[in-house]
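Asker:
Protein chains in written order, with my numbering: chain A, 1 to 403; chain B, 404 to 806; chain C, 807 to 1209; chain D, 1210 to 1612.
1. Kindly indicate if chain D contains any beta-carbon less than 8 Å away from that of residue 76 (chain A).
2. For residue 1190 (chain C), which residues of its own chain have a beta-carbon under 6 Å away from its beta-carbon, when the five flanking residues on both sides are left out?
3. Can you check whether the C-beta of residue 1212 (chain D) is within less than 8 Å of a C-beta belonging to chain A?
4. Could you tell me which whole alpha helix (DSSP H) segments of length 4 or greater appear in the segment 890-970 of chain C?
5. In chain D, which residues lie with their C-beta within 7 Å of the C-beta of residue 698 (chain B)?
6. If I follow the unbroken alpha helix (DSSP H) through residue 1110 (chain C), where does it start and stop?
7. Can the beta-carbon of residue 681 (chain B) be found less than 8 Å from the beta-carbon of residue 1015 (chain C)?
8. Cβ atoms of residue 30 (chain A) and residue 45 (chain A): under 8 Å apart, would you say?
9. Which residues does DSSP pair with residue 1084 (chain C) in a beta bridge?
10. Within 8 Å of any Cβ in chain B, is that where the Cβ of residue 1508 (chain D) sits?
11. Does the separation of the CB atoms of residue 517 (chain B) and residue 539 (chain B) fall below 8 Å?
12. Which residue's Cα is closest to the Cα of residue 956 (chain C): C:1040, C:1029, C:880?
13. Mark residue 1259 (chain D) as exposed unless 16 or more other C-beta atoms lie within 10 angstroms of its C-beta, in which case mark it buried.
14. Going by C-alpha to C-alpha distance, which of A:287, A:298, A:196 sits closest to residue 250 (chain A)?
15. Around the C-beta of residue 367 (chain A), are 16 or more other C-beta atoms found within 10 angstroms, so that it is buried, or is it exposed?
16. To which residues of the same chain is residue 877 (chain C) closer than 7 Å at the C-beta, ignoring the five residues directly before and after it?
17. Counting only C-beta atoms, is residue 1328 (chain D) closer than 8 Å to chain A at any point?
18. Could you tell me the distance, in whole angstroms, from the CA atom of residue 1590 (chain D) to the CA atom of residue 1468 (chain D)?
19. List, in chain order, every chain B residue whose beta-carbon is nearer than 9 Å to that of residue 143 (chain A).
20. Using 8 Å as the limit for Cβ to Cβ distance, is residue 566 (chain B) near chain A?
21. Would you check if there are 3 or more beta carbon pairs closer than 8 Å linking the segment 945-965 of chain C to the segment 911-919 of chain C?
22. Which residues mark the beginning and the end of the beta strand (DSSP E) in which residue 226 (chain A) is found?
23. Look at the alpha carbon of residue 1613 (chain D) and the alpha carbon of residue 1553 (chain D), and state the distance between them as a whole number of angstroms.
24. Going by the CB atoms, is the gap between residue 1233 (chain D) and residue 1302 (chain D) shorter than 8 Å?
25. With DSSP as the reference, identify every bridge partner of residue 1004 (chain C), one or two as the case may be.
26. Ignoring anything shorter than 4 residues or poking outside the segment 1224-1273 of chain D, list the alpha helix (DSSP H) runs there in chain order.
27. Quick check: residue 1123 (chain C) and residue 716 (chain B), are their CB atoms within less than 8 Å of each other?
28. I want to verify the contact list: residues of chain D whose CB lies under 9 Å from the CB of residue 1097 (chain C), in sequence order.
29. Nearest by alpha-carbon distance to residue 1035 (chain C): which of C:903, C:1134, C:988, C:908 is it?
30. May I ask which residues mark the beginning and end of the alpha helix (DSSP H) holding residue 360 (chain A)?
31. Comparing C-alpha positions only, which one of D:1231, D:1362, D:1528, D:1347 sits nearest to residue 1454 (chain D)?
32. Measure how close the beta-carbons of residue 140 (chain A) and residue 687 (chain B) come, nearest whole angstrom, since I'm counting them as under 8 Å.
33. With 16 other CB atoms within 10 Å as the buried threshold, where does residue 810 (chain C) fall?
34. Which first and last residues belong to the beta strand (DSSP E) in which residue 210 (chain A) is found?
35. Measure from the C-beta of residue 474 (chain B) to each C-beta in chain A and report whether the shortest distance is under 8 Å.
36. Could you work out which residues of chain D lie near residue 391 (chain A), taking near to mean beta carbons separated by less than 7 Å?
Here it is as structure tokens:
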């Protein structure tokens, strides 16, 4: 047992920290101004930051294997954490932003040769963006068997009909490809009825209807969260990802890394919040003493530190398990970090906001926006309650087999 | 001891509930659409709703005494709760919306005859709106002695210099009058250095700079929350409210009713959330059963009901105390409801959001917006921590005198 | 709506507060010493306190109707609260201690004339004590249909077989009568299979086996919490309470008042805890300042006050409902106070303990013992979770009928 | 970074798990019976268990260096966790029980040659037991500068006067030696006024007055928690541990490992609680379904698992830090585990109790006793609040130096 990062990780951390200090933090204020003017696309300055990051060897760090930087999850985790300190800039600047990360990993793992050539390559180069269209407005989508969008084979084509929402990034015109989950069978085993198809944005019958808000935020610089209508949308059968009936399994495979990436970044968000909370508490005076000297504020700071240390270790161990025993073997831990991280980071952000007073809820600090992101992750990729139920059942099973 | 509402209250509750059913709830969807187009002003449909409410005798219900409906706090409380069920429409429709309510009460109590004639009358008629400019971006404003805006007498005028933010309603061009808190003395007893002056919006030197966001919301239909700069702003000395050095006392007097009104409406918001949570849980199926049958969801519903019942009783008792022993005598209870209500209602809203899944954080349900309002009230009008500190000291004093 | 106590209540409060100051608090230390020597019976000094209380007209205050003091629940509530400040002495001294209170009310309501004459009269006079034998070690007794003890009619007798535990008071040799819940039918409607019979302690086949501990406490002065075995125990058929199959309904009727009495006393326990917490915090110094000046301790004191005020109001309203619409009409509120009171008072006691340091968990302060009592009430008379489930279903039903 | 235990640890874990299965768990019931009869001493069966453990090479595992098993903290941690599953038997059976562990480490580190020969040797052999007398009833002892016991040099002797309580183990007649913290100077630097002396139990002037209770438990098998009076107690000057004025530093050094040992065992207690909770939930039926199928119970089980995984990792990392950068370098982490572990394990025990119903608070399951131990650790060795204050200050300092 050893709690020190390896040499590769330390070297990349150093390089990434320099990039943050030299390029990312100094860009934050201007990014906000540009974002306010950019509608559903990324601020123009992002392109320069991407070039800079790529030049520094900070590109596609999330992707294991031949197509990406080839890091293990355990090596990537502390880097994703650092990116999470400025989560609207650092991840896209390094081409490590959701949902593209998950989509690239999906294409690298399950995509056919031509799919990889046609869609993965430009994604790896940051030329296009992508969306993952799974959640539907009409059903409780946390139960994937509820998915109602139909994908019906008709000759050499699949015909898609349905309605999706919260397809993150899809409002962005540069978002060229949608991965759509739907039902190819109405019968058979419940988890073998779903399939995934690639649907280019410009396919007839695709209508990007509107951007969903998240606590008042549109997340426009990120491409928003779109509601999309699919009406008699036709794609050739070679647009199927993997095999027919494999949609559920692919979704599960995609969500494992996706969840841990979110959690890594959340920890960086929490560290940012603690820093802001401390600085503000030191800078303000109320009722005759520094806010930092208030016992209750000290209590929050201490609790925040204790929570973050625990979360980071659990995320790192989960990454190590994914590397050593595989995503399936790390299933319980992935659920555990998905339960613990968003809600604890939400708590920390709430306290940082409170220390900032009215400023904390406003656009003058990143805290309220980060809070909305953390809160949303308590229900995105499956609400906490679904993960807890599943984790509990696994725990209970230990004692069923024993007796 | 008797827990039944009196006849006047019951009659008004009935009338108000009818107004909600017949006019307010049916208007909610269109209100959103209009609000999205109305910038910093109220949607046009509000005028009709106001006329309707006034015609039904539902006007200025909040204001005790000769200028308003003459209800006691105990009588108004259950009405404010009902309004809180649709808090963006019902309060302004009945001319019972903050900050105008507090400003009207302030003018009715402390304003001179001409001030009442010039500003109170059009406010009572809903012709203009008003803002209360107290919080400052540069200092911890929860400690009123930190207020830095200067109000210096120069002959027959006061000269005002300073910067305020979160002046709710002030982005609205119809917001004609600002009540500004500042320092008229740099020496003397700490709580006698502040004064309040009336500053008409169009006075030279007044610059309404920008609207502050609250978790991504601009609250434009409400007139937003403005940052305002005062540079060598001059008003005649008769624009002083009350006496020089009386600002702190007036602010305290204003905040008592203001806080209880917020709490009353929050309870209505919580009831709305419980209703939405139940309806959604009954309407959705996941993992083979109704969401309403999930034990954890039932737990949330039960907790929500238990919390709301307790909050309502504490608010009602506080109203009764304000009526019977005065705002000062109800000081501890006012602090208690200010502490308990926003955070408990925030909790309920969070659970209602979770039951709604992704929809819960979006613009398709009122929950995320209500949540932002409840969260903000944990720091508006003084953060919880300040109230708790004060309440604890009062409790401790009981035992100091005994020993 | 009126939040003031009526004249009768105020007069009795005054009289009871004097009794507490003059007789109960001064007796506490000696009571502990005697209790340590008294095994399973009350300390000898209790008899004198009972005589004193009775002489002051403070006797059987809990019992409405002709047999008791004739107070309403609303009038009794604040008196029970006061008793709860010294819960091991004041309730038995005034013959208002559980489980005798519930048993007396049960006999007064459902007992036959001879049952009342034989058992109620000596209970009203404090000559004997009684036990309620419902919970069983072998089944989840929160679901009354699980009760397995059999009561089989055989000619003019009922034959009882089964095992009960946590029969409070039953270790005391002066506990002369057990009210035993069992099954008289194995078929028919689920809630009509249970009956209650009176079983005198000295009936052959009754074995009081041992006292159950509660977090290390035996509660010997209270008669402990007994495990009792019933083997072919025979009682005449006139020992049936009410009718055959009426056991469940009687249990429900008994538990309503029982639960509210517990909650009233818990509030008194909480007030005692707040007083002790404040006094200790004022008396100790750590790290250069009074513990009472620590922000976190002030936070606890404030939260405690806010919680107690809310709980008291909810309990009082519930009492008022029981008086005005009956126990059934107050069902939701009875559940609400049963959920909220033990856990909130437990929280307050926990904080009072923490302020006392090591002393807090010891026998030198009443806090740890009170804590154990509050904790146990989270599962006695049905665990919180059962009440929450039931309360949630009732809430959900509102929306089922509407739609 | 590597999360796997090393070979030594794995081998010892295996051996210890066998000892638990073969000797400890089977002895638990009889241990309770013997403990009930053993007053302030360990049950007689403990001697056999000690012989067995020693024979299996499971002895003094806690002690690094030449005198003990020579394990690192990181190697000992998972073993202490296993012992914590049966915390009243396994630690004393392996001579790894507090407070002897801390006292042995103290003597090994700071004791003179004769002190080690006279007291450490028999402790290592389990022939005697020892007590640590630090906490005083009259002062807030969490602030060590409050310690009032005086240690005055008089020629070749120290004269000790004072009163201590919660000296764990000291009621046991076999507890032969007390390590007493007191003040040797009334002036000079605040943390250089304290010293520690060894006081044999039979020294004239030592009076072991009474055993303090912990939530009704006497912990007699453990030697209880004594209040001890020191009146003109005289010991030769060679009974001083370390140097005069070194008491505070020694106490700090002692508390580091002591705290981590407690936390390791607490994690084992939590694992035991989860097992009991799952087994009970699977074994009982209420309202027509297994308790294990109740959503709320599943929620508790999941939360328990998530909490335990996080706690274990933080404890292990802290052990690793103590091994690699020393106790001082691990200061923040030691505080973090001291804050997080007792309260989270308390939470888990509370839920396990709730699932057990009335049985959970009784002597029939270990849960209530474990709960009392966990609760007490929230204030023993310094209350949480002191650790949080200190941890927060350290966090804040990061930003003081930066700016």
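Ideal Cβ placement from N, Cα and C applies to all residues, glycine included.
Answerer: Checking against the coordinates, here is how it stands:
1. no
2. 1145, 1184
3. yes
4. 896-899, 906-916, 927-930
5. 1503, 1504, 1505
6. 1101-1135
7. no
8. yes
9. Its beta-bridge partners do not exist; DSSP assigns none.
10. yes
11. no
12. C:1040
13. buried
14. A:196
15. buried
16. 867, 870
17. no
18. 7 Å
19. 688, 689, 690, 691
20. no
21. no
22. 225-236
23. Missing from the structure shown is residue 1613 (chain D); chain D here goes from 1210 to 1612 and no further.
24. yes
25. C:985
26. 1234-1246, 1254-1264
27. yes
28. 1349
29. C:988
30. 358-361
31. D:1362
32. 5 Å
33. exposed
34. 206-211
35. no
36. 1511, 1514
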